[in-house]
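K.L.:
Using this note's numbering, count along the sequence shown one by one with no gaps and you end on 411.
Sharing a structure here in structure tokens format.
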Amino acid sequence: MQQFLHPLCLTLAIAGFLLLLWPPRYLRQDLALAALVGVYGFSALSFLVSLEPVWRVLDEVTGRPSTGILVAFSSVVALLALQPVVLAYWALPPDKARNRARLCTGAGAVVILALTVLFFQLTPAGRTTPQGFTANYIHTAVYRTYLTLYVVVYAIGETVLAVGCWQAARRTGQVWIARGLRIVGVGALLTLGYSAVRLADVGAALAHVSPPPAAIENFAWLCADGGTTLTLVGFFVPIMAVHVVPHVRTWARANSDYQCLAPLWEALHHAVPTVALQPARTAVTARVRLWNTSWHLYRRAVEIRDAQCALENHLEESVRDEAERRHRAAGLTGTELTSAVTADQLRAALVAYRSEKSPKAPTEYADAGTREDVCTPQDDVRALLRIAAHFETPFTEQESATHGSDASVRP
1 MQQFLHPLCL TLAIAGFLLL LWPPRYLRQD LALAALVGVY GFSALSFLVS LEPVWRVLDE
61 VTGRPSTGIL VAFSSVVALL ALQPVVLAYW ALPPDKARNR ARLCTGAGAV VILALTVLFF
121 QLTPAGRTTP QGFTANYIHT AVYRTYLTLY VVVYAIGETV LAVGCWQAAR RTGQVWIARG
181 LRIVGVGALL TLGYSAVRLA DVGAALAHVS PPPAAIENFA WLCADGGTTL TLVGFFVPIM
241 AVHVVPHVRT WARANSDYQC LAPLWEALHH AVPTVALQPA RTAVTARVRL WNTSWHLYRR
301 AVEIRDAQCA LENHLEESVR DEAERRHRAA GLTGTELTSA VTADQLRAAL VAYRSEKSPK
361 APTEYADAGT REDVCTPQDD VRALLRIAAH FETPFTEQES ATHGSDASVR P
């Protein structure tokens with residue numbers, strides 16, 4: 001049972017650890033996330049050293065049999081100490097959360113130190129396996145003390161976690177976070193079955209009676225690994241709701257905006273290529289960015305504005321007047337009218353720039369009076385998207401693109 005469930009839990013723990021670890025800069029800003037990364041990391045380590053091949057390699061490296069049990073138990077105590085830290089930073093004010101974190105990590109360090117001292121008091125009994133370690137050592141008083149300390153701490157930690165999760169789930173107003181915390185609480189309660197079986201092992205050894213049957217041992221690992229699986233999944237649900245899903249939405253929205261601005265940017269970049277700080281190397285990257293999408297969107301907005309400035313000397317007043325008349329007749333008003341007129345001005349300015357014509361009656365962009373309303377880069381992107389929605393690539397630009405231009409444009 002253990003050799004079947006451990007790889008499953010190990011896979012979940014490693015996947016969660018890697019997903020939460022990237023990008024690392026968020027760990028400095030979000031201490032709850034940093035603590036949760038530690039939970040997944042120590043969980044993965046505890047399952048890794050409990051695999052028999054790793055157990056044997058660890059014995060050979062350290063030169064002491066069954067060192068894996070110390071690493072596994074210490075990793076579990078470390079994650080038990082970090083779990084309430086996650087809840088504290090989620091639910092408490094920063095000062096109280098820091099105090100709770102110091103208390104929990106300090107208590108965890110004391111327990112790990114005690115386990116280490118007891119482990120080195122054990123008399124090595126030759127090579128063992130993760131499944132057979134308890135049976136080989138349960139007759140010794142030192143190991144009974146070692147196991148009892150670990151199991152009691154484990155039961156207390158999981159009980160604290162279950163109570164904390166249910167309390168936090170009642171306080172939060174976010175449905176998915178509450179669901180995730182309740183899943184964690186159920187998983188924590190399920191692990192108490194493991195603690196009960198291990199305490200029964202100690203009691204049987206003290207009473208000199210036969211240990212529980214193999215079915216009970218399987219039940220213990222089912223409770224431990226099943227509860228851990230629910231805990232790992234449950235903790236990841238709030239992270240998905242708070243961190244992953246918003247970041248995915250931000251990425252998707254930035255990519256959508258990046259693509260919507262592409263025809264306008266490509267036409268302007270073709271006319272004024274010097275505005276591009278890092279020009280797209282392919283037609284695909286001109287439309288889609290997988291990494292640093294928000295930064296590339298910001299650069300695209302800046303480059304469009306720079307190209308606008310470069311074309312400002314080619315704005316004709318008659319073009320603006322005609323565009324305003326036509327779009328007002330079509331029912332446009334306010335910012336939509338301004339954006340549509342600006343788009344027409346850009347189209348005409350591109351044609352004039354290509355033919356090197358100077359305006360008879362110079363003017364300014366229709367959106368020049370609205371620039372003061374743009375307070376953030378996001379505001380500027382929204383304004384440019386409105387312009388891009390009305391922009392039509394000049395016919396001369398289409399000809400240039402057909403004859404081998406370095407940027408594709410919308411027909």
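All C-beta atoms in this analysis are idealised placements derived from N, C-alpha and C, irrespective of residue type, glycine included.
1) According to DSSP, is E356 helix, strand or coil?
2) Determine which residues share a DSSP beta bridge with P413 and list them.
3) Determine contact between the region 254-273 and the region 225-233, defined as no fewer than three beta-carbon pairs at a distance below 8 Å.
4) For H390, does the count of other Cβ atoms within 10 angstroms reach 16, so buried, or fall short, so exposed?
5) Evaluate the contact criterion for the region 252-260 versus the region 210-221: three or more CB pairs, one atom per stretch, below 8 Å.
6) Give me the Cβ distance between A13 and A44, rounded to the nearest whole Å; I'm assuming they're in contact under 8 Å.
7) Rounded C-beta distance between S50 and P130? I'm assuming under 8 Å.
8) Under 6 Å Cβ to Cβ from A72, same chain only, skipping five residues before and after it: list those, please.
9) Are the CB atoms of V61 and G108 nearer to each other than 8 Å?
10) For F120, is the classification buried or exposed, using 16 other Cβ atoms within 10 angstroms of its Cβ as the cut-off for buried?
11) Could you give the residue range of the alpha helix (DSSP H) that holds D421?
12) Enumerated in chain order, which unbroken segments of the alpha helix (DSSP H) with a length of 4 residues or greater are wholly contained in the region 256-307?
13) Where does V209 fall in DSSP's three states?
14) Just verifying my parser: in three-state terms, what is the DSSP assignment at P411?
15) Would you kindly work out how many angstroms separate the C-alpha atoms of Q174 and V341, rounded to a whole number?
16) Kindly indicate which three-state DSSP category Q174 falls into: helix, strand or coil?
17) With distances taken Cα to Cα, identify the nearest neighbour of S195 among S355, I156, L115, C104.
18) Note down, in chain order, each residue of its chain lying with its Cβ closer than 8 Å to the Cβ of D201, except the 5 sequence neighbours on either side.
19) What did DSSP end up calling P130 once you bin it into helix, strand or coil?
20) To which residues of the same chain is L82 closer than 8 Å at the C-beta, ignoring the five residues directly before and after it?
21) Do L79 and G68 have their CB atoms nearer than 8 Å?
22) So what's I216 in DSSP terms, helix, strand or just coil?
23) Could you check the C-alpha separation between R253 and R382 for me, to the nearest Å?
24) Could you give the distance in angstroms between the alpha-carbon of V163 and the alpha-carbon of A207?
25) Given N313, which residues of its chain have a CB within under 6 Å of its CB, disregarding the five upstream and five downstream residues?
P.N.:
Answer, in terms of the structure:
1) For E356, the three-state secondary structure derived from DSSP is coil.
2) For residue 413 there is no data in the structure shown, the boundaries of the chain being 1 and 411.
3) no
4) buried
5) Contact between the region 252-260 and the region 210-221 is absent, because fewer than three Cβ pairs lie under 8 Å.
6) 4 Å
7) 5 Å
8) S46, V49, S50
9) Cβ atoms of V61 and G108: not closer than 8 Å.
10) exposed
11) The structure shown does not extend to residue 421, since the chain spans only 1 to 411, so no value can be given for it.
12) 262-271
13) coil
14) Because P411 sits at a pLDDT of 35, beneath the cut-off of 50, its placement in the model cannot be relied upon, and the point is left open.
15) 44 Å
16) coil
17) Comparing Cα-Cα distances from S195 to each of S355, I156, L115, C104, the minimum goes to I156.
18) T134, I138, L147, P211, P212
19) Coil at P130, not helix or strand.
20) A35, L36, G38, V39, F42, C104, T105, G108
21) no
22) helix
23) 12 Å
24) 33 Å
25) none
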